[in-house]
Amino acid sequence: MSGRRRHEQRAALGGEEPADFDLAVVGAGAAGLYSALCAARAGARVALISATPLAQAASYWAQGGLAAAVAPADSPARHLADTERAGRGAVRSSAARVLVEEAPERLRDLLALGVRFDADEHGELLLGLEGGHSAHRIVHAGGSATGRRLLRALSAIVVQREQIAIFEGAYAAELLLAEGRCVGLRATGAPPIRARALILATGGAAALWSRTTNPPGSLGSGMMLAAAAGAELADLELVQFHPTAVCGLPGREGFLITEAIRGEGATLHDAHGERFVDELAPRDEVSIAIVRRMAEQRSAAVYLDMRALDPARFPNVFSALSEAGLDPARQLVPVAPAAHYTIGGIRTDLDGRTTLPGLFAIGECSCTGLHGANRLASNSLSECFVFGARAAKAALDEPIPGPSAPLQRALAPAASPSAPQMPAPSAATRAALWRHAGVQRQAEGLKQLLKDEHPLARLVARCALARAESRGVHQRLDHPRSDPQLDRRHICVAADQQLRWERWE
Ligand SMILES: Cc1cc2nc3c(=O)[nH]c(=O)nc-3n(C[C@H](O)[C@H](O)[C@H](O)COP(=O)(O)OP(=O)(O)OC[C@H]3O[C@@H](n4cnc5c(N)ncnc54)[C@H](O)[C@@H]3O)c2cc1C
Numbered sequence: 121m122s123g124r125r126r127h128e129q130r131a132a133l134g135g136e137e138p139a140d141f142d143l144a145v146v147g148a149g150a151a152g153l154y155s156a157l158c159a160a161r162a163g164a165r166v167a168l169i170s171a172t173p174l175a176q177a178a179s180y181w182a183q184g185g186l187a188a189a190v191a192p193a194d195s196p197a198r199h200l201a202d203t204e205r206a207g208r209g210a211v212r213s214s215a216a217r218v219l220v221e222e223a224p225e226r227l228r229d230l231l232a233l234g235v236r237f238d239a240d241e242h243g244e245l246l247l248g249l250e251g252g253h254s255a256h257r258i259v260h261a262g263g264s265a266t267g268r269r270l271l272r273a274l275s276a277i278v279v280q281r282e283q284i285a286i287f288e289g290a291y292a293a294e295l296l297l298a299e300g301r302c303v304g305l306r307a308t309g310a311p312p313i314r315a316r317a318l319i320l321a322t323g324g325a326a327a328l329w330s331r332t333t334n335p336p337g338s339l340g341s342g343m344m345l346a347a348a349a350g351a352e353l354a355d356l357e358l359v360q361f362h363p364t365a366v367c368g369l370p371g372r373e374g375f376l377i378t379e380a381i382r383g384e385g386a387t388l389h390d391a392h393g394e395r396f397v398d399e400l401a402p403r404d405e406v407s408i409a410i411v412r413r414m415a416e417q418r419s420a421a422v423y424l425d426m427r428a429l430d431p432a433r434f435p436n437v438f439s440a441l442s443e444a445g446l447d448p449a450r451q452l453v454p455v456a457p458a459a460h461y462t463i464g465g466i467r468t469d470l471d472g473r474t475t476l477p478g479l480f481a482i483g484e485c486s487c488t489g490l491h492g493a494n495r496l497a498s499n500s501l502s503e504c505f506v507f508g509a510r511a512a513k514a515a516l517d518e519p520i521p522g523p524s525a526p527l528q529r530a531l532a533p534a535a536s537p538s539a540p541q542m543p544a545p546s547a548a549t550r551a552a553l554w555r556h557a558g559v560q561r562q563a564e565g566l567k568q569l570l571k572d573e574h575p576l577a578r579l580v581a582r583c584a585l586a587r588a589e590s591r592g593v594h595q596r597l598d599h600p601r602s603d604p605q606l607d608r609r610h611i612c613v614a615a616d617q618q619l620r621w622e623r624w625e
């Protein structure tokens with residue numbers, strides 16, 4: 121490289137020399153940890169960048185488990201049919217097929233890596249049932265402590281891998297581009313990193329909503345980074361609301377009570393003690409039934425009766441409620457929907473490739489289309505592993521960036537060079553998203569959201585306005601029916617932020 125070119129490159133990197141890796145992975149949740157591990161097992165040198173210490177991602181909180189058709193009476197075809205049914209005519213079948221066919225293999229790999237899932241005395245996996253599944257196929261660990269077990273096990277393995285350099289407490293603030301490709305990133309608290317490919321595994325954005333089950337860091341930073349670098353986003357209007365998040369219990373607001381508890385027989389009751397919904401219907405149906413019943417009865421919550429359950433099956437749920445002063449073995453638990461999972465995100469193909477060469481996205485920050493307009497419970501952890509493995513493989517086939525290619529920086533819109541960490545959304549933004557883009561939406565409120573200060577909130581509003589129908593998690597009071605013309609259609613947000621409909625098969 122000429123002296124002038126080297127000087128230019130260093131100047132673009134604020135005077136620092138980049139550290140070279142085969143692959144950079146941003147995010148240490150289930151998707152990032154597993155993908156980094158897959159790449160390292162293939163011999164790659166990996167930089168793993170995580171804003172939070174290891175084992176503190178949203179994945180840690182996963183209570184239910186991961187879905188895989190491994191029971192003798194079950195099959196990937198049946199899992200696919202359930203995923204399609206839950207997804208309300210919008211599932212991208214090719215992506216869902218990949219998920220259901222490869223989830224059992226990924227489960228076997230996790231077992232081989234030493235992750236301990238719950239099993240009976242003969243060593244057979246205990247398989248749970250959750251809303252929308254027609255078979256027992258949810259693998260869990262420590263009852264409702266699946267995420268915790270998974271993340272602890274994977275973090276411990278990753279830490280021991282010499283090929284993985286871990287940058288904890290490092291916040292990815294901008295992507296680096298060269299000749300139209302993503303070739304690395306700059307993160308606070310880490311040297312600039314140059315790699316043949318970069319995988320975003322930064323999780324979802326449901327903590328942008330004021331009522332949420334998510335940890336505070338789930339703010340869509342990866343989506344903003346990808347968009348700033350020119351990658352397409354998709355389906356941002358599709359946000360899943362979990363029906364049973366604790367409501368009005370100080371210190372436990374938004375605490376999620378897993379669907380598996382309803383799978384074991386817990387029932388939902390309105391303010392008059394009446395049951396009003398099939399507790400094991402898909403989440404969109406249960407959430408909308410709860411919201412309607414609360415509105416009819418002008419009540420702030422409905423009530424989950426888990427008195428008949430064995431506390432030993434769900435120790436962390438029972439203890440969390442008891443610590444907050446509620447005894448679920450004797451009392452009903454007040455619950456209501458809360459923003460839970462961003463179905464939309466960075467648009468990818470079936471190997472996690474985004475529309476920007478060299479940039480991949482996996483896990484909740486990605487949008488493969490596999491969840492359609494309503495995610496089937498426990499499909500997301502499976503997604504992290506299935507697409508995490510595929511993306512690691514595909515990313516290592518990317519060309520090595522030429523050392524002399526001029527580097528450009530792509531800073532996320534809400535950030536600035538002096539304060540690259542994206543600002544936390546204001547309380548007003550979070551309240552506005554809940555009010556105008558919550559379980560039920562309509563044009564009037566969404567138009568107000570278009571004026572919000574937060575760029576992602578504005579994009580959510582634009583996509584939600586464009587989808588002038590009700591489908592799955594997207595319920596428009598002013599368009600209460602599904603529009604058959606929009607079956608299998610997805611909203612893509614181009615690099616210039618123009619919206620475009622596409623049919624995904
Ligand atoms: C309470 C709860 C219960 C759930 N239960 C289940 C369940 O039972 N089954 C199921 O399938 N799904 C469940 N889900 C959903 C599932 O847990 C998530 O979809 C999944 O874990 C997301 O994993 P991820 O690896 O994509 O992201 P996350 O686990 O959210 O990890 C994101 C990572 O990215 C890092 N990060 C973010 N931005 C940056 C940045 N700019 N720079 C550096 N690092 C960054 C974070 O620090 C974190 O390490 C649940 C979710 C919640 C909140």
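Numbering (our numbering), first residue to last: 121 to 625.
Where a beta carbon is used, it is the ideal one built from N, C-alpha and C, also for glycine.
Keep in mind that this is a model prediction, so the values were computed, not measured.
The beta-carbon separation of residue 364 and residue 455, rounded to 4 Å, stays under the 8 Å limit for a contact. In the DSSP assignment, residue 274 falls within the alpha helix (DSSP H) that extends over 266-280. Judged by the Cβ position, residue 423 fails to qualify as a neighbour of ligand 1 at the 7 Å threshold, every heavy atom of the ligand being at least this far. Residue pairing by DSSP places residue 621 opposite 611 in a beta bridge. For residue 474, the shortest C-beta to heavy atom distance toward ligand 1 is 7 Å or greater. Distance from the C-beta of residue 504 to the nearest heavy atom of ligand 1 is below 7 Å. In the three-state scheme derived from DSSP, where H, G and I count as helix and E and B as strand, residue 202 is classed as helix. Between residue 319 and residue 145, the beta carbon gap of about 5 Å places them in contact (Cβ cut-off 8 Å).
Remark: the shortest separation between the CB of residue 485 and any heavy atom of ligand 1 falls under 7 Å.
In terms of Cα proximity to residue 600, the closest of 609, 560, 170 is 560. Between the region 199-217 and the region 263-276 there are fewer than three inter-stretch CB-CB distances shorter than 8 Å, so the stretches are not counted as touching. In the three-state reduction of the DSSP assignment, residue 505 falls in the helix class, which pools H, G and I. DSSP lists 258 as the beta-bridge partner residues of residue 248.
When the alpha-carbon of residue 557 is set against those of 251, 285, 358, the nearest one is in 358. Collapsing the DSSP output to three states places residue 602 in coil.
Annotation for residue 219 indicates a beta carbon at 7 Å or more from all heavy atoms of ligand 1.
Note on geometry: alpha-carbon atoms of residue 396 and residue 474 lie some 42 Å from one another.
Contact between the region 192-209 and the region 480-498 is present, with at least three C-beta pairs closer than 8 Å. Contact annotation: residue 333 and residue 374 have beta-carbon atoms nearer than 8 Å.
Apart from the 5 residues on each side of it in sequence, residue 603 sits with its Cβ closer than 6 Å to the Cβ of 589 in its chain, given in chain order. By the Cβ-count criterion, residue 596 is buried, with 16 or more other Cβ atoms from all chains shown falling within 10 Å of its own Cβ. The closest heavy atom of ligand 1 lies less than 7 Å from the beta carbon of residue 334. For residue 224, the number of other beta carbons within 10 angstroms of its own is at least 16, and it is reported as buried. By DSSP's assignment, residue 145 forms a beta bridge with 168, 319. Per DSSP, the beta bridge partners of residue 140 are 314. Burial is judged here by how many other beta carbons sit within 10 angstroms of a residue's own beta carbon; residue 382 has at least 16 and is buried. Residue 572 sits buried, since 16 or more C-beta atoms from the chains shown fall within 10 Å of its C-beta. DSSP places residue 338 in the coil class of the three-state scheme, outside both helix and strand.
Under the DSSP assignment, residue 300 falls outside any alpha helix (DSSP H); it carries neither an H nor an E label. Take the alpha-carbon of residue 585 and the one of residue 292: they are about 31 Å apart. About 7 Å separates the CB atoms of residue 514 and residue 472; that is less than 8 Å, so the two are in contact.
In the same chain as residue 338, and ignoring 5 residues on each side of it, the C-beta atoms closer than 7 Å to its own belong to 178, 323, 324, 325, 326, 327, in chain order. As DSSP reads the structure, residue 480 sits in a beta bridge with 319, 473.
Beyond the five residues adjoining it in sequence on each side, residue 486 comes within less than 6 Å, by CB distance, of 465, 466, 468 in the same chain, given in chain order. Beta-bridge pairing by DSSP links residue 466 to 353, 486. For the options 203, 251, 412, the alpha carbon positioned closest to that of residue 391 is the one of 412.
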